[in-house]
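Residue numbers (my numbering): 4 to 70. Every residue gets a Cβ at the ideal spot worked out from N, C-alpha and C, and that includes glycine. The next block holds one structure in the form of structure tokens; read it before the comments.
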Ligand SMILES: [Cu+2]
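Following this line, the structure appears as structure tokens:
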């Protein structure tokens with residue numbers, strides 16, 4: 004079973020942004036899948052033991068602001 008955490012990301016406006024953010028988050032240890040929803044500006048991150056701070060850092064390093 005995996006835990007899913009949803010983050011709200013500011014500034015994702017197109018599929019290119021979505022790809023960038025999900026690629027960055029996929030690099031975080033423990034992340035199994037990511038699911039970006041451009042319409043709502045959210046990303047769902049699935050994995051059993053994902054470090055919250057690492058996900059936030061990955062998103063902001065990719066150039067986006069995470070709430
Ligand atoms: Cu974009």
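- For residue 62, the enclosing alpha helix (DSSP H) covers residues 55 to 64.
- Of the candidates 37, 31 and 9, 37 places its Cα closest to the Cα of residue 21.
- Going by beta carbons, residue 34 and residue 53 fall inside the 9 Å limit.
- Ranked by how close their Cα comes to the Cα of residue 27, the residues 68, 70 and 64 have 64 in first place.
- Collapsing the DSSP output to three states places residue 43 in coil.
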